[in-house]
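Taking our numbering, the leading residue of the sequence shown gets 2, the next gets one more, and so forth. Just so it is clear, CB atoms sit at the ideal spot from N, CA and C, and this is done for glycine as well. First comes the structure, then the notes that go with it.
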Amino acid sequence: MFLTTIVLQSTRLNAQMLFEETFDKPTEKGLYEKLQSHRYLSIEQAIGTDQSPALKAHYKSGERGSERIVVRYPLGERGMEYTLCMDVKFDKDFQFVKGGKLHGLGPDRPITGGNAMKPNGWSARMMFHRDEQIQTYIYCQNKPGKYGMTKKNHAFKFVNDRYYAISYHVRVNDLGKDNGFAHIYIDGKLIIEHNGIEYRGSDDPSTLISQFMFSTFHGGHSPQWAPKDENGKYKDVYAYYDNISVWRNKHIKDQPGAITKDH
C-alpha cells in the first residue's frame, strides 16, 4: 500500500486514517516525494519492517549536534485530536548522546527552537533521550521555560537494531483550559501520559492540529550533543522510519508493520 487518503475507518472509536506512507511505491506531490527530496533522507530497499523499502535518516554529526532534518506536511484538514503512528529502528551503531528531536504534530504556525510563545502557536513533538529513552517535547502556553516542556518514562529503553511501533496521540485544549494531552504508546503499551497541557491561547481555526512535523536531529545546539567515534571525532549515525500514518482521533498500533486494532 502507498499513500492512502481516508480509506480506513475504525468502528470502535471512530478513528479514520488520513494517510499512510509505507514507501513501497513512489507517490507524486505527497509525503514520499517531500521526504525523499531532503538531502539527509533516502528511500532504500530491504530496510523496512518486512524487508520492504523504508526511509533512511542520515544524522550528519557536527558542532550543534547533528544537521536538522525538518519537513512539514499539511494534513489537508484541521482538528482537535489526531494520532501519529510510525515504525522506527535506530541503527546498531546509533548514538543517543544527550538526546534529540523526533516527529510530531502541529498547527498552521508551529513554535519551536526556543522562540517566544504566541496564542496561535504551539508544537507537540517527541525526543529520543540519553540512555535510549523517549519523552514528550511540548511548546505550549503553560510551559515553564524558554524551551519545550517534557515528560519521561525512565523505565522504558530502546534497543538498537529493532523496529518499534510508536503511536503519538495528541489532543489540543479547549480555549482557556489546560485539558490538552500528548500520550506516547510503544508497541501498543502506554509509555508516557502527559496531561494538563494548554497548547493554544486562541480559538482561531489556525490553532488546531493541521500538520505532520517530520523533525529529527541531535540537539541542543553544541558539540556535546553530537555523536562521536572513540577518538572524539564527529561520527554520522542512522535511523530508519516506515509505515507513517496519521489518524483522526485515537489509533494505537500494537506492533510494527501492521495497522491493527484501536484501543
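Between the CA atoms of residue j and residue i - distance to the nearest angstrom
{"i": "residue 172", "j": "residue 188", "result": "20 Å"}
{"i": "residue 62", "j": "residue 15", "result": "42 Å"}
{"i": "residue 257", "j": "residue 152", "result": "24 Å"}
{"i": "residue 218", "j": "residue 22", "result": "21 Å"}
{"i": "residue 163", "j": "residue 242", "result": "11 Å"}
{"i": "residue 147", "j": "residue 52", "result": "42 Å"}
{"i": "residue 96", "j": "residue 228", "result": "6 Å"}
{"i": "residue 211", "j": "residue 232", "result": "44 Å"}
{"i": "residue 25", "j": "residue 260", "result": "15 Å"}
{"i": "residue 79", "j": "residue 230", "result": "44 Å"}
{"i": "residue 19", "j": "residue 234", "result": "43 Å"}
{"i": "residue 158", "j": "residue 220", "result": "19 Å"}
{"i": "residue 44", "j": "residue 27", "result": "10 Å"}
{"i": "residue 91", "j": "residue 102", "result": "13 Å"}
{"i": "residue 115", "j": "residue 39", "result": "24 Å"}
{"i": "residue 263", "j": "residue 251", "result": "With a pLDDT of 44 at residue 263, under the threshold of 50, the modelled position of that residue is not reliable, and no figure is offered here."}
{"i": "residue 209", "j": "residue 76", "result": "11 Å"}
{"i": "residue 222", "j": "residue 49", "result": "31 Å"}
{"i": "residue 132", "j": "residue 203", "result": "37 Å"}
{"i": "residue 184", "j": "residue 82", "result": "12 Å"}
{"i": "residue 118", "j": "residue 145", "result": "11 Å"}
{"i": "residue 170", "j": "residue 33", "result": "23 Å"}
{"i": "residue 275", "j": "residue 47", "result": "Past the edges of the chain, shown from 2 to 264, lies residue 275, and the structure says nothing about it."}
Residue i (DSSP reduced to helix, strand or coil)
{"i": "residue 8", "result": "Its pLDDT being 37, under 50, residue 8 is placed unreliably by the model, and nothing is read from it."}
{"i": "residue 176", "result": "coil"}
{"i": "residue 136", "result": "strand"}
{"i": "residue 34", "result": "helix"}
{"i": "residue 131", "result": "helix"}
{"i": "residue 249", "result": "strand"}
{"i": "residue 104", "result": "strand"}
{"i": "residue 126", "result": "strand"}
{"i": "residue 258", "result": "coil"}
{"i": "residue 118", "result": "coil"}
{"i": "residue 307", "result": "Within the shown structure, residues of the chain are numbered from 2 to 264, placing residue 307 beyond reach of any answer."}
{"i": "residue 16", "result": "coil"}
{"i": "residue 53", "result": "coil"}
{"i": "residue 44", "result": "strand"}
{"i": "residue 59", "result": "strand"}
Burial state of residue i (16 or more Cβ within 10 Å)
{"i": "residue 105", "result": "buried"}
{"i": "residue 149", "result": "buried"}
{"i": "residue 98", "result": "buried"}
{"i": "residue 1", "result": "Residue coverage of the chain in this structure runs from 2 to 264, which leaves residue 1 outside it and unanswerable."}
{"i": "residue 124", "result": "buried"}
{"i": "residue 240", "result": "buried"}
{"i": "residue 206", "result": "exposed"}
{"i": "residue 55", "result": "buried"}
{"i": "residue 247", "result": "buried"}
{"i": "residue 66", "result": "buried"}
{"i": "residue 244", "result": "buried"}
{"i": "residue 155", "result": "exposed"}
Residues near residue i in its chain [Cβ-Cβ closer than 6 Å; skip 5 each side]
{"i": "residue 224", "result": "64"}
{"i": "residue 168", "result": "84, 86, 186, 253 and 254"}
{"i": "residue 166", "result": "88, 188, 254, 256 and 257"}
{"i": "residue 71", "result": "216"}
{"i": "residue 175", "result": "none"}
{"i": "residue 130", "result": "100 and 136"}
{"i": "residue 37", "result": "44"}
{"i": "residue 113", "result": "124"}
{"i": "residue 161", "result": "91, 93 and 95"}
Beta-carbon contacts of residue i that lie in its chain and below 8 Å, excluding the five residues immediately before and after
{"i": "residue 179", "result": "143, 197, 198 and 199"}
{"i": "residue 128", "result": "100, 101, 102, 103, 135, 136, 137, 138 and 151"}
{"i": "residue 191", "result": "184 and 185"}
Cβ-based neighbour list, residue i, same chain, cut-off 7 Å, excluding 5 preceding and 5 following
{"i": "residue 94", "result": "238"}
{"i": "residue 236", "result": "62, 228, 229 and 230"}
{"i": "residue 35", "result": "72 and 74"}
{"i": "residue 41", "result": "58, 59, 61, 68 and 70"}
{"i": "residue 214", "result": "73, 104, 105, 106, 107, 111, 124 and 126"}
Closer than 6 Å: residue i CB and nearest the ligand GTP heavy atom
{"i": "residue 44", "result": "As far as ligands go, the structure on display features none, and thus does not contain the ligand GTP."}
Counting only runs that start and end within the segment 207–242, where is the beta strand (DSSP E) found for 3 or more residues in a row? 210–219, all fully within the segment 207–242.
Contained beta strand (DSSP E) runs [length at least 3] in the segment 69–100, N- to C-terminal order: Here the runs fully enclosed are 70–80 and 82–91.
Counting only runs that start and end within the segment 139–205, where is the beta strand (DSSP E) found for 3 or more residues in a row? Within the segment 139–205, the complete beta strand (DSSP E) segments at least 3 residues long are 164–172, 181–187 and 190–198, listed from N- to C-terminus.
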